[in-house]
Amino acid sequence: MTAPRATSMPVPVPVAVSAEVNFDGLVGPTHNYAGLSFGNRASMGSAGQIASPRAAARQGLAKMRMLHRRGLIQGVLPPPRRPDPEALIRLGVGDLEPAAAVRALAGVSPALAAAVMSASSMWAANAATVSPSTDTSDARVHFTPANLVSTTHRSFEWHQTVRILRSIFRDRERFVIHDALPSAASFADEGAANHGRFAPVHGRPGVELFVYGRDADDRPAGDFPRRQTRMAGELIVRSHGLDPDRAVFARQAARAIDAGAFHNDVVSVANETVLLAHESAFDDPIGLRRSLPEWVEWIEVPEAAVPLSDAIASYLFNSQLITLPNRDPGGRASMLLVAPGEVANTPSAASFVAELVGGDHPIDEVAIVDLRQSMRNGGGPACVRLRVVLTAQEREALSGRVLVDDDLLDELDAWVDRHYRDELTPADLLDPGLIDEVDQALDELSTLLVLDGHRAAGGPGARELATA
Ligand code: SUG
Numbered sequence: 020m021t022a023p024r025a026t027s028m029p030v031p032v033p034v035a036v037s038a039e040v041n042f043d044g045l046v047g048p049t050h051n052y053a054g055l056s057f058g059n060r061a062s063m064g065s066a067g068q069i070a071s072p073r074a075a076a077r078q079g080l081a082k083m084r085m086l087h088r089r090g091l092i093q094g095v096l097p098p099p100r101r102p103d104p105e106a107l108i109r110l111g112v113g114d115l116e117p118a119a120a121v122r123a124l125a126g127v128s129p130a131l132a133a134a135v136m137s138a139s140s141m142w143a144a145n146a147a148t149v150s151p152s153t154d155t156s157d158a159r160v161h162f163t164p165a166n167l168v169s170t171t172h173r174s175f176e177w178h179q180t181v182r183i184l185r186s187i188f189r190d191r192e193r194f195v196i197h198d199a200l201p202s203a204a205s206f207a208d209e210g211a212a213n214h215g216r217f218a219p220v221h222g223r224p225g226v227e228l229f230v231y232g233r234d235a236d237d238r239p240a241g242d243f244p245r246r247q248t249r250m251a252g253e254l255i256v257r258s259h260g261l262d263p264d265r266a267v268f269a270r271q272a273a274r275a276i277d278a279g280a281f282h283n284d285v286v287s288v289a290n291e292t293v294l295l296a297h298e299s300a301f302d303d304p305i306g307l308r309r310s311l312p313e314w315v316e317w318i319e320v321p322e323a324a325v326p327l328s329d330a331i332a333s334y335l336f337n338s339q340l341i342t343l344p345n346r347d348p349g350g351r352a353s354m355l356l357v358a359p360g361e362v363a364n365t366p367s368a369a370s371f372v373a374e375l376v377g378g379d380h381p382i383d384e385v386a387i388v389d390l391r392q393s394m395r396n397g398g399g400p401a402c403v404r405l406r407v408v409l410t411a412q413e414r415e416a417l418s419g420r421v422l423v424d425d426d427l428l429d430e431l432d433a434w435v436d437r438h439y440r441d442e443l444t445p446a447d448l449l450d451p452g453l454i455d456e457v458d459q460a461l462d463e464l465s466t467l468l469v470l471d472g473h474r475a476a477g478g479p480g481a482r483e484l485a486t487a
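Converting from the sequence shown to our numbering requires adding 19 to each position, the first position being numbered 1.
Okay, here's the thing in structure tokens:
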């Protein structure tokens, strides 16, 4: 296992015409532990603890810097406004000043106040499902923001996600940002966390994998919610213009969900030709294997090597699996597994990754990153990023300063240090001073990222929306 080369100099690497861009969600200034996610063991276990928004944001930026320095293309998505303006209106408190509105909601339920202040958009894997232009019938990149109806606090996210994506992927000739699917249990959608893509290389037509926990008409079952329906994926296949023969569906194993794998990316990760998965990830692994192209290399990790409980505690499979920029002359990809620090502290997971490198597959390297603040809410390296395969022309067409370089990362680090608190408890969410701090921080961020009128792209406040 190698340490992240955070201190090495950037290596100039020729960027292939099509490349995967990882857009990480910049952690917002209200990062806290309110215990809002039933079925997510880390969130449930951290409830009420003191969070550090500053450390959380700096940890996220350090990961982005490490990947940028490895020659990968790294993007950043700004956090939305808090409190959530649309949510305040829909909850009937949009006529109040934001601080008073949050207090009024706290009077109904403290969890509701925490919901409109949540920094959960940092888990950008849940922002949307994305299909690259090589997979779609109109040769545009399609995004469907996830409705996230399975958790109250996340169900508000998509309105601002749509706005943020439309402000960055503004070019309609190249990008389509759909509305989220309707907010009903039948269409429950958690975005890219339950979506994978296989291709010989990123820029070639791929096979997209849609993972779901239940059928739309299933009766409630199990200990923890099944957050995704098959129907959501089926609708996305059609609206993205995917070839149905290149879309594969797989049900999550009930056992995995009830053990705490609330998203499939907690127990499996795909990249180009590789699928790394726990043996208990899928309901019918044999059927899935038959449905995938034969060139997919499936690295199945048995319970005997890493028990499911260790997989979930360590987030081994929530690692990012990334193709490094330089292929060997034979065209073989070399892949980097970016794993959270908890993997190193979980003996079964640590031995597994130590043996993994050097095996007969493309995963040549492991880097360990510290994302402890996010991990304590159930979000590892794969949760904090949205993968978007883009051609060189599509990258040129992006609006805003959203692809990082060392200067932008330095500015973002300094911005975090200027605006973020060191400590935040759920009770602090009622502090009117916090809302002013968030407003100031986001105003400055929209200038820094050159995203107009964004506050960072969250758009108008509740009052403007109410009178619009
Ligand atoms: O949806 N946690 C998030 C974690 C999402 C992880 N994403 C992926 N696996 N891709 C969730 O459960 C906790 C918020 C709180 O408790 O305050 C939270 O929303």
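Even for Gly, the Cβ is constructed at its ideal location relative to N, Cα and C.
Original post:
Is His214 helix, strand or coil when you go by DSSP?
Top reply: Counted from its first residue, the sequence shown places residue 214 at position 195. Looking at His214 - three-state DSSP - the assignment turns out to be strand.
**OP:** Report the rounded CA-to-CA distance for Asn337 versus Pro129, giving the unit in angstroms.
**Re:** Counting from one through the sequence shown, the residue named residue 337 turns up at place 318. Counting from one through the sequence shown, the residue named residue 129 turns up at place 110. Roughly 30 Å separates the two Cα atoms.
Original post:
Quick one: what's got a C-beta closer than 8 Å to Ala25's C-beta in the same chain, skipping five residues either side?
Top reply: In the sequence shown, counting from the first residue as 1, residue 25 sits at position 6. Residue confidence for Ala25 is low, a pLDDT of 35 falling below 50, so the modelled location carries little weight and cannot support an answer.
**OP:** Tell whether a beta-carbon distance below 8 Å holds between Met141 and His50.
**Re:** Your numbering for residue 141 matches position 122 in the sequence shown. Your numbering for residue 50 matches position 31 in the sequence shown. Going by C-beta atoms, Met141 is nearer than 8 Å to His50.
**OP:** In angstroms with no decimal places, state the Cα-to-Cα distance between Gln247 and Arg238.
**Re:** Stepping through the sequence shown from its first residue, residue 247 is reached at position 228. Stepping through the sequence shown from its first residue, residue 238 is reached at position 219. Going by the C-alpha atoms only, they are around 14 Å apart.
Subject >> DSSP beta-bridge partners of Asp43 >> reply: Counted from its first residue, the sequence shown places residue 43 at position 24. Answer by DSSP bridge pairing, in chain order: Val95 and Arg404.
Original post:
Leu335: which of Asp262, Pro366 and Thr444 sits nearest, CA to CA?
Top reply: Position 316 of the sequence shown, counted from the start, is the residue given in the question as residue 335. For Leu335, the closest of Asp262, Pro366 and Thr444 by C-alpha to C-alpha distance is Pro366.
**OP:** For Ala53, I'd like the list of residues in its chain whose CB is within less than 6 Å of its CB, leaving aside the five on either flank, ordered along the chain.
**Re:** Taking the sequence shown and counting its residues from 1, the one referred to as residue 53 is at position 34. For Ala53, the CB contacts under 6 Å within the same chain, skipping 5 residues up- and downstream, are Ala133 and Pro445 in chain order.
Subject >> Touching by the beta-carbon criterion (3+ pairs, under 8 Å), the region 157–171 and the region 295–304 >> reply: As far as the Cβ criterion goes, the region 157–171 does not touch the region 295–304, which means the pair count is below three.
Subject >> For Thr171, the first and last residue of its enclosing alpha helix (DSSP H) >> reply: As a working note, residue 171 is residue 152 in the sequence shown. Taken as a continuous stretch (DSSP letters only), the alpha helix (DSSP H) holding Thr171 covers Thr171 to Ser174.
Subject >> DSSP state of Met20 mapped onto helix, strand, coil >> reply: For this step, residue 20 is matched to residue 1 along the sequence shown. In this prediction, Met20 has a pLDDT of 36, which is less than 50 and means its spatial position is unreliable; nothing more can be read from the coordinates.
Subject >> Sub-8 Å separation of Ala416 and Asp154 beta-carbons >> reply: Taking the sequence shown and counting its residues from 1, the one referred to as residue 416 is at position 397. Taking the sequence shown and counting its residues from 1, the one referred to as residue 154 is at position 135. Cβ atoms of Ala416 and Asp154: not closer than 8 Å.
Original post:
In its own chain, which residues sit with a C-beta less than 8 Å from the C-beta of Asp234, not counting the 5 before and 5 after it?
Top reply: Taking the sequence shown and counting its residues from 1, the one referred to as residue 234 is at position 215. Spatial neighbours of Asp234 in its own chain (CB-CB distance under 8 Å, excluding positions within 5 residues in sequence) are listed in chain order as Thr248, Arg249 and Met250.
Original post:
How is the alpha helix (DSSP H) around Leu80 delimited, first residue to last?
Top reply: Translated into the one-based positions of the sequence shown, residue 80 becomes position 61. Pro72 to Arg88 is the span of the alpha helix (DSSP H), which, as asked, contains Leu80.
Subject >> Contacts around Val469, its chain only, beta-carbon distance under 7 Å, and the 5 residues preceding and following it disregarded >> reply: Counting from one through the sequence shown, the residue named residue 469 turns up at place 450. Listed in chain order, the non-local C-beta contacts of Val469 below 7 Å within the same chain comprise Gly419 and Arg420, local neighbours out to five positions each way being set aside.
Original post:
Are Gln93 and Val407 touching if we call contact CB-CB under 8 Å?
Top reply: Indexing the sequence shown from 1 puts residue 93 at position 74. Indexing the sequence shown from 1 puts residue 407 at position 388. At least 8 Å separates the beta-carbon of Gln93 from that of Val407.
Original post:
Bridge partners of Pro359, per DSSP?
Top reply: For the purposes of this step, residue 359 is identified with residue 340 of the sequence shown, where counting begins at 1. Note: Pro359 sits in a beta bridge opposite Val388.
Original post:
Can you round the beta-carbon distance between Ala146 and Gln392 to whole angstroms, since I take them to be within the 8 Å contact cut?
Top reply: Taking the sequence shown and counting its residues from 1, the one referred to as residue 146 is at position 127. Taking the sequence shown and counting its residues from 1, the one referred to as residue 392 is at position 373. 19 Å between Cβ atoms; not a contact.
Subject >> Closer than 7 Å: Thr180 CB and nearest the ligand SUG heavy atom >> reply: One-based indexing of the sequence shown puts residue 180 at position 161. Short note on Thr180: C-beta not closer than 7 Å to any heavy atom of the ligand SUG.
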